[in-house]
Each structure stands twice: as structure tokens, then as C-alpha cells.
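In terms of numbering that gives the first Met the number 0, the sequence shown opens at residue 0 and continues consecutively. Where is the CB? At the ideal position from N, CA and C, for every residue including glycine. Here's the structure, in C-alpha cells; my notes come after.
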Amino acid sequence: MQILNPSRWYLHPVFVFACSIFALTTFLVMTVSWYMEITRALELVILKFNIDPTSIFPSKTGMTILILIALIAVVLAGILLAFIYYQKTVNLFRLQHNFIYNFTHELKTPVTSLRIYLETFIRHPLEPWEIKKYSENMLQDINRLTDNINSILNLARIESQNFGSEVTKDSLVALVENFCHKNASLFRNLEIRVENQSGNPLVYPVNLFLFEMLLMNIVSNAIKYNESEHPKLIIRFKSFIQKITIEFIDNGIGVDKKEQKQIFKKFYQAQGKHTKDVSGSGLGLYLVSSIAMIHGWKTSVASEGKSKGATFIVTIPTTGMGDIREKHLWKRLKKSVS
């Protein structure tokens with residue numbers, strides 16, 4: 000975002016907003032104060048000359064003052080809301096700017112790496128072990144590119160509500176277990192344990208494509224943001240009277256308390272020494288939150304701080320899951336399915 004010229008600090012929106020609030024508040028206070036002074040002066044005149052008060056103070060005067068005060072209050076509220084919206088827009092613009100910069104770097108780095116490896120293959124004779132080593136590195140770069148591109152495509156599909164997948168009513172526990180088994184090769188360096196404390200299958204309608212995207216982002220984060228020699232992830236199902244929770248408990252770098260409310264925002268990337276060497280688009284947890292919202296779920300995170308692991312919690316309400324609510328949920332999940 001362009002920085003304002005310091006010599007024109009008086010044009011900064013915060014300064015303009017403060018001046019507007021001060022001016023309107025001063026106007027309101029002075030109006031009421033002057034009205035009270037004039038009223039007191041007129042009361043003295045009335046008492047001195049024995050004048051009928053109704054001829055001096057029309058019945059509508061008080062109501063008019065109240066209406067003026069109400070209108071000024073509405074103007075103040077409007078300015079405040081406009082300022083809040085402006086601040087949110089500026090913040091989103093800043094996050095988008097950081098995202099574009101970081102994402103461009105994320106695309107450029109693996110492309111440059113691939114080019115160097117290919118030029119090496121062309122210009123130099125290599126031993127078989129060297130070819131294997133370089134090929135593995137190239138596959139890592141390709142996977143990195145694929146992940147970044149998929150993040151953008153998934154964001155576009157969710158925000159356009161073009162989910163393009165079947166909706167199923169199945170056991171959430173079975174779906175998670177099948178997902179972990181199906182992607183075992185991707186998570187081979189991560190020890191995953193699924194626990195179902197309720198003992199029930201926990202059947203619930205889900206959009207399969209979106210649900211697996213949610214799982215992929217959370218599990219990938221458990222690997223990416225983990226400095227332990229033995230990365231672990233416990234996926235724990237709990238059943239309560241009014242809700243079901245799925246807890247994703249990892250032994251990673253954790254989440255600072257001041258960032259726990261920020262990490263689900265679009266383009267947000269955690270800061271700190273633990274995240275300097277970790278690449279990402281800042282979309283993973285935003286997608287998790289969006290997918291949960293589409294299903295009518297809620298997401299949250301709990302962590303004792305950096306280097307103490309994190310627990311990502313998906314809360315699924317079960318109250319009111321009657322025929323009408325379930326039909327509405329199915330309709331929403333099936334929207335734009337190709």
C-alpha cells in the first residue's frame with residue numbers, strides 16, 4: 000500500500016476520522032449547552048414579566064432537540080462504521096499484497112530450481128545416483144508447485160460455490176480413517192492415530208470433496224509446522240449432547256495466543272522464528288474455516304504457545320438436526336455440483 004507523504008499527515012484517514020468525531024461531538028455538546036442557557040434566560044424573563052410559558056416554549060421544541068441529537072448520533076455511528084470498514088479493507092489489501100509477493104516467490108523458486116536441474120541434465124554427464132537424487136528434488140519442486148496451484152483453485156471453487164462433488168451421509172470416523180489410509184504415502188513421516196471416544200459411527204451429511212480438502216489442509220499443517228523428530232497427530236472424536244467435536248492434536252510448533260484468532264483469516268501467515276523457513280500461501284486454514292462454515296460447523300484452535308503443539312477443533316452441532324434442517328443442509332452442500 001502506498002505510504003502517505005509525511006508532510007500531508009493531515010490527510011491520513013485516522014486523523015480525518017478523529018477530527019470528524021470531535022467536530023460532531025463538539026457541535027452536539029455546544030447545541031445542548033446553548034439550548035440550556037437560552038432556556039434558563041427565558042425562564043427568568045417569564046418569571047419577571049409573568050408571561051405564559053407556552054408562548055415562549057412551543058411543545059415541539061424538546062422533541063426537535065431530541066430528534067437532532069438522534070440524527071447526529073446516527074451520523075456518528077455511520078462515520079464509525081465507515082471507518083471500521085475502511086480499516087478492514089486496508090488490512091485485507093495489505094494481506095493480499097503480502098500474499099501476491101509471497102505466492103510469486105513460491106512459484107518462482109521451484110521453477111528456477113527445475114530449470115537448473117534440467118540444464119544440469121543437458122550439459123553434464125551424471126552418475127545414476129546423481130540422476131536419482133536430482134529427480135527426487137525435482138519431484139519435490141513439482142509437488143510444491145502443485146500444492147500452490149491447488150490452493151488457488153480450491154479457493155476459487157469455494158468462493159464461487161462450485162464444489163463439484165457428491166454429498167454423502169456417512170460415518171465421519173470411517174471417512175477420516177479411509178482418508179488417512181488412502182493418503183498414507185503422503186503422510187508417511189507423520190504418525191496418525193484416530194480415536195473415537197464415543198464408540199458410535201457419528202453419521203453426518205458431508206460434501207466429500209470439501210471434507211477431504213479440510214482434512215488435507217489440517218494434516219498438511221501438522222507436518223509442515225512441526226520440528227519434532229517424530230511428528231504425531233491424534234484425530235480424536237468426541238460426542239456430546241448437543242455437538243460432536245473432531246480434535247486434531249499435533250506436537251508441532253504451536254500457535255501463539257495472540258495469533259489464535261487470526262490464523263483462520265484469508266492470506267494470514269503466522270509470524271515468528273519458527274515460521275521463517277516454512278513456505279505457504281496463507282490459505283490453508285482459511286479454506287478449513289470456509290469448508291466448516293459451509294457445513295454449518297465451527298473451527299477453533301487451542302495451544303499453550305510456541306513449541307507446545309496445537310489442537311485444531313471442528314465443532315459439529317447436532318441439536319435440531321431434524322428433517323427440515325437436514326434437507327436445507329443437503330441442498331446447500333449440493334449447490335453447484337457438476
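If we require 3 or more residues per run, which beta strand (DSSP E) segments fall completely within the stretch 149-227? 166-170, 190-195 and 202-206
Give every residue of the same chain whose Cβ lies closer than 6 angstroms to the Cβ of F82, excluding the five residues on either side of it in the sequence, and list them in chain order. Translated into positions along the sequence shown, residue 82 becomes position 83. Only F16 meet the Cβ criterion.
Using the beta-carbon count (16 or more within 10 Å), is W33 buried or exposed? The residue you call residue 33 lines up with position 34 of the sequence shown. W33 is exposed by the Cβ-count criterion.
Could you pull the DSSP bridge partners for D249 from this structure? Walking along the sequence shown from the start, residue 249 turns up at place 250. According to DSSP, D249 bridges with L232 and A309.
Between the C-alpha atoms of S306 and G283, what's the straight-line distance to the nearest angstrom? Locating residue 306 in the sequence shown gives position 307, counting from the first residue. Locating residue 283 in the sequence shown gives position 284, counting from the first residue. Between S306 and G283, the C-alpha separation is close to 20 angstroms.
In terms of DSSP beta bridges, what is T314 paired with? Translated into positions along the sequence shown, residue 314 becomes position 315. The partner list for T314 (beta bridge, DSSP) reads T244 and K297.
Helix, strand or coil for K257 per DSSP? In the sequence shown, residue 257 corresponds to position 258, counting from 1. K257 falls in the helix class under three-state DSSP.
Using the Cα positions of F26 and L209, report the straight-line distance between them to the nearest angstrom. As a working mapping, residue 26 is identified with position 27 in the sequence shown. As a working mapping, residue 209 is identified with position 210 in the sequence shown. One C-alpha to the other measures close to 54 angstroms.
What's the gap between the Cα of T167 and the Cα of L207? Numbered from 1 along the sequence shown, position 168 holds the residue referred to as residue 167. Numbered from 1 along the sequence shown, position 208 holds the residue referred to as residue 207. Between T167 and L207, the C-alpha separation is close to 7 angstroms.
What number of angstroms, rounded off, separates the C-alpha of K264 from the C-alpha of S227? Locating residue 264 in the sequence shown gives position 265, counting from the first residue. Locating residue 227 in the sequence shown gives position 228, counting from the first residue. C-alpha separation (whole angstroms): 26 angstroms.
Provide the residue(s) that pair with S238 in DSSP beta bridges, ordered along the chain. Within the sequence shown, numbered from 1, the residue matching residue 238 stands at position 239. DSSP lists I243 as partners of S238.
Three or more beta-carbon pairs under 8 angstroms between the stretch 187-196 and the stretch 142-152, yes or no? no
If we count the other Cβ atoms within 10 Å of its Cβ and call it buried at 16 or more, is I121 buried or exposed? Taking the sequence shown and counting its residues from 1, the one referred to as residue 121 is at position 122. Its Cβ having fewer than 16 others within 10 Å, I121 is exposed.
Beta-carbon separation of S19 and I78 under 8 angstroms? Stepping through the sequence shown from its first residue, residue 19 is reached at position 20. Stepping through the sequence shown from its first residue, residue 78 is reached at position 79. Their beta carbons are under 8 angstroms apart, which means S19 touches I78 by this criterion.
Would you kindly check if the distance between the Cβ of L286 and the Cβ of N177 is under 8 angstroms? Along the sequence shown, one-based indexing puts residue 177 at 178. Along the sequence shown, one-based indexing puts residue 286 at 287. No; because the gap between Cβ atoms is not below 8 angstroms, this pair is not in contact.
Between which residues of its own chain and I262 is the CB-CB distance below 7 angstroms, once the five residues before and five after are set aside? In the sequence shown, counting from the first residue as 1, residue 262 sits at position 263. Closer than 7 angstroms at the Cβ level, and outside the excluded window around I262, lie V254, A269, L284 and V300.
If we call anything under 8 angstroms between Cβ atoms a contact, is I240 one with L201? Counting from one through the sequence shown, the residue named residue 240 turns up at place 241. Counting from one through the sequence shown, the residue named residue 201 turns up at place 202. In this structure, L201 does not lie closer than 8 angstroms to I240 by Cβ.
Which residues in the same chain as H180 place their Cβ atom closer than 7 angstroms to its Cβ, once the five residues preceding and following it in sequence are excluded? In the sequence shown, residue 180 corresponds to position 181, counting from 1. Hits under 7 angstroms: none found.
Starting from the C-beta of K275, find all residues in its chain whose C-beta is less than 7 angstroms away, skip the five residues before and the five after it, and write them out in chain order. Here residue 275 is taken as the residue at index 276 of the sequence shown, counted from 1. Any reading at K275 must be qualified, since the residue scores a pLDDT of 46, below 50, and its modelled position is unreliable; the value itself is stated next. Counting only Cβ-Cβ distances below 7 angstroms, and skipping sequence neighbours, we find nothing.
Is it right to say W128 is buried, meaning 16 or more other beta carbons lie within 10 angstroms of its own, or is it exposed? Here residue 128 corresponds to residue number 129 of the sequence shown, with the count starting at 1. Label assigned to W128: exposed.
Can you give me the Cβ contacts of M137 inside the same chain, cut-off strictly under 7 angstroms, excluding the 5 residues immediately before and after it? One-based indexing of the sequence shown puts residue 137 at position 138. Cβ neighbours of M137 beyond the five flanking positions: L113 and Y116.
Would you grab the beta carbon distance between V218 and V193 for me? Rounded to a whole angstrom, and I think it's under 8 angstroms. Position 219 of the sequence shown, counted from the first residue, corresponds to residue 218. Position 194 of the sequence shown, counted from the first residue, corresponds to residue 193. In fact, because the Cβ distance is near 11 angstroms, the residues do not count as touching under 8 angstroms.
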